[in-house]
Ligand code: SF4
Ligand code: SF4
Ligand code: SF4
Ligand code: SF4
Ligand code: FES
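Protein chains in written order, with the working numbering: chain V, 108 to 270; chain E, 1227 to 2055.
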């Protein structure tokens, strides 16, 4: 019996494990898979090329993509194609991360945010505007006007697609 | 059979006709030999080396010419030192082919490695990705890694529009020449070609506008990579996201089988939308091809200009109304007008719609009139093509006559198939008043002056072309160029008599085919519609008119006036046409893409189409609208489903007897295999799983049949005399057909805008001089509003003025007119 009490006393003297959520938040692990983020390049262009591979890989059929063509006057991504519509239904998503694996440009990344709550089904659909990360410093928002002849590849070349 | 050979492929024995290529022989027994440049519809060229296989042949004893036998009694086989291309090597007796061994596998791997040296890694965004032979064959046979350096990849232009319809990505091209060969050999439009050599080789277009061919879309189906893609589908969706729905093209009487690919789209508010139109294989109709009109001119079904609610005339204005209100108004009006209802319908409607419309006309003791400038549909029922016919099987010993039609413009796939038949040895006779594209392949061209069409038939009856009268089989295509209703009637009669006299009827591959302007005109005749000699009178004297899918008021100001004089007018339409504007009640109809039904093609094949997209809210199918109006008038017409209407058709119309929807949906095995697992072979045309349709029997197949309307050896009264007309300073005004016109169902397809013909008058320079119009830019046609630009063309016959049909010149049938010059300042003011 004393042994048991001793454990209690020890815990009582130690640091409390409960935290005052939501005022206080526990840092997430590096591999945590939370709400998705659509990434941008440093110049602000979107990484997503609207290829729908994430949607094809998604086991929960949670992603919906519609593509359109970039022009130099109205450019969203460095390639020929960009996502005109990009939606993820967070109620369907099972946070498996397959979309992240499937993405050829590392555009979709599961982030840290796990605070997803909705009061109606429609709110669970995250649109492209909600998913896109803010324009990085020094970058410009999309669509951008770009000089001709700079973005001529159909898919932007990757440093190392392995990684 | 003597001309068959036996060979062994991968241990399986197969018997095939002599001359078969190894790749086809293997395919017949389900063995895939990967190919890029070979296509079963084209001659082999052996350019890509993907199809290498090991081939052995029996060793022959030179002295005895007998196979040398091994000790165990089997023939000794000598294998070549090198691999051979399966696509260019014909089979031979006793041949042994190995498609699966180390040597073959490494050859395939190496060919692919070379093809991929400069291939971009575009798959994620490439429109072909997902249905790409290069992708699939690389997965199946290719190396996992390339030994070439990424930095050394050749970079070429990636966004090269070959005209507004087709895009080229130079980096993706693997130089198989399928596209070039298709354009040159199959459709004789050599407007694209190879330029430069080796790695700098590129596809270029020589024409203006770029890639100027009515068949250009087909090259995107057979291109084994994403080098050629259509502007219509550019980045539209990924192929695996699309649902295929079977349909039928309504733009011309060929009745090509289509597959529409649909997808829900956020940009359209979550609606199902058509992303692209693809050919669906039917070797008896369109094989694996469609023309660009079928591929790109479907956008009218999604046009925002579509009618979306019933309109009723109140105080002289058409105002929106509820269905109940509109039906009530229509019924009231028709009831007051009493009997003698005139039902005027266009050949765009389905058989079910036309049947109900005709039933309503009967019930009201009225007339069911087909809105057309072309007669003779009763004769195509009598001596039309019979079941078992196939234009693709015409060849040596057969003959085809084409008269008063420009098939290249009016029915492109017929043109393509007749060209192929002529190349196989069929005797093609083309009779026309002006040169047309089909004449290049004709054994005989017969030129006449407008008004003398029947002389041609007479001379053929007299044996002017013995190859034609003595041919084993004879198919006659007649059109309506330069002819009015009476003229085409007479021509059809003459053609029927020609066929009858020479015994070319009642058997497969013999008979009469009408080159109608609309897709289901033949169906309208079959459903009991007729023509009248004088539309103006019929309309203006009618107490009540019900018009469906026809726009007489937009076509001819005289008809518009007639319609104004008519009593009560009810219109069922897709758009607010000139005719609809003049109506008392307008009902919004569903397009063919929103519902089910059947069409009857010019070859008299009944084919089913299926609902592709969701109906525009508040639109109803034509047969339902008609039945609902009829019910208000106290007649019970079937409206539960098109299938039920079709059952009635089958029980009431003799040559449709025994047909049901399930029968029309039957399919059979076809060659070459296309689609899904055979993408690399036949291309991305869809395989046919939804029905190949049923060919109708001709009435002449019945026992004791006689040609009802006999054309006596005498020429009937000619409708006019060209020379006499010219002497009075008049010209014969002839509408000619252009594939891309500006009709109701074509105009909404913006993509084709640049290629649509615009209103003009074309004259031979001599004629222009004769009527005092040389050096004039605009002319005024007597009786028409507004001046039209004048174009001079030396290839045209003299004494005649041409204008494009359905391009905004409001005139329907040919007639004699006077032309006046318009001075520049007049048209400015
Ligand atoms: S997020 Fe990645 S995989 Fe998804 S559409 Fe965009 S680029 Fe393609
Ligand atoms: S052509 Fe085929 S292999 Fe090449 S990028 Fe397109 S999908 Fe990929
Ligand atoms: S464009 Fe396509 S079909 Fe034409 S040569 Fe290149 S790969 Fe072949
Ligand atoms: S040939 Fe006629 S039926 Fe065929 S796709 Fe072209 S327009 Fe349509
Ligand atoms: S060489 Fe035989 S398929 Fe290309």
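Yeah, the Cβ is synthetic: ideal placement off N, Cα and C, and Gly gets one too.
- Taking all protein chains shown into account, residue 1975 of chain E has 16 or more neighbouring C-beta atoms within 10 Å of its C-beta and is therefore buried.
- With fewer than 16 other beta carbons inside 10 angstroms of its own, residue 1840 of chain E counts as exposed.
- Per DSSP, reduced to three states, the secondary structure at residue 1562 of chain E is helical.
- Proximity to residue 1996 of chain E across E:1618, E:1955, E:1971, E:1968 peaks at E:1955, based on C-alpha coordinates.
- Closer than 8 Å to the CB of residue 1500 of chain E there is not a single CB belonging to chain V.
- By the neighbour-count definition (other C-beta atoms within 10 Å, threshold 16), residue 1746 of chain E is a buried residue.
- Here the region 1256-1268 of chain E makes no contact with the region 1285-1293 of chain E; the two share fewer than three CB pairs at distances below 8 Å.
- Taking a Cβ-Cβ threshold of 9 Å, none of the residues of chain E is close to residue 257 of chain V; the smallest such distance is about 13 Å.
- Residue 1888 of chain E carries a helical assignment under DSSP once its states are collapsed to helix, strand and coil.
- In this chain, the alpha helix (DSSP H) harbouring residue 1607 of chain E covers 1603-1609.
- By the rule that beta-carbons nearer than 8 Å mark a contact, residue 1730 of chain E does not touch chain V.
- At least one heavy atom of ligand 4 lies less than 7 Å from the C-beta of residue 1477 of chain E.
- Within a 10 Å sphere around the beta-carbon of residue 1600 of chain E sit 16 or more other beta-carbons, which makes this residue buried.
- Taking residue 1732 of chain E as the centre and dropping the five residues before and after it, the same chain places the C-beta of 1612, 1924, 1926, 1927 closer than 7 Å to its C-beta, in chain order.
- The DSSP-derived three-state label of residue 149 of chain V is coil.
- The Cβ-Cβ distance between residue 145 of chain V and residue 209 of chain V does not fall below 8 Å.
- For ligand 4, no non-hydrogen atom lies closer than 7 Å to the CB of residue 1323 of chain E.
- DSSP places residue 2046 of chain E in the uninterrupted beta strand (DSSP E) bounded by 2045-2047.
- Between ligand 5 and residue 1262 of chain E, a heavy atom-to-CB distance of less than 7 Å is present.
- By the Cβ rule, the region 2027-2043 of chain E counts as touching the region 1971-1987 of chain E, because three or more pairs are nearer than 8 Å.
- When DSSP assignments are scanned along the region 1256-1289 of chain E, the uninterrupted stretches of beta strand (DSSP E) that are 3 or more residues long and fall wholly within it turn out to be 1278-1284.
- For residue 1624 of chain E, the enclosing beta strand (DSSP E) begins and ends at 1624-1629.
- Not a single heavy atom of ligand 3 lies less than 7 Å from the C-beta of residue 1568 of chain E.
- Between residue 1772 of chain E and residue 1788 of chain E, the gap from beta carbon to beta carbon reaches 8 Å or more.
- Judged by DSSP in its simplified three-state form, residue 1751 of chain E adopts helix.
- Beta-bridge partners of residue 2030 of chain E (DSSP): E:1962.
- Proximity of chain V to residue 1341 of chain E at the Cβ level (cut-off 9 Å) is not reached, the minimal Cβ distance being about 18 Å.
- Linking residue 1969 of chain E to residue 1637 of chain E through their CA atoms gives a straight-line distance of about 16 Å.
- Secondary structure in the region 1803-1859 of chain E: the alpha helix (DSSP H) runs of 4 residues or longer, each lying completely within the stretch, are 1804-1807, 1848-1858 in chain order.
- For the 8 Å CB-CB criterion, residue 1816 of chain E and residue 1791 of chain E do not form a contact.
- Bounds of the alpha helix (DSSP H) holding residue 1991 of chain E are 1991-1996.
- Rounded to the nearest angstrom, the gap between the Cα atoms of residue 180 of chain V and residue 1490 of chain E is 28 Å.
- In the structure shown, residue 114 of chain V adopts helical secondary structure according to DSSP, grouped into three states.
- Counted as a single uninterrupted DSSP element, the beta strand (DSSP E) harbouring residue 1455 of chain E occupies residues 1454-1456.
- Neighbours of residue 1351 of chain E in chain V, taken as residues whose beta carbon is under 8 Å from its own, are 156, 157, 158, 174, 186, 187, 188, 261, 262 in chain order.
- Taking C-beta separations shorter than 6 Å and ignoring five residues to either side along the sequence, the partners of residue 1728 of chain E in its chain run 1695, following chain order.
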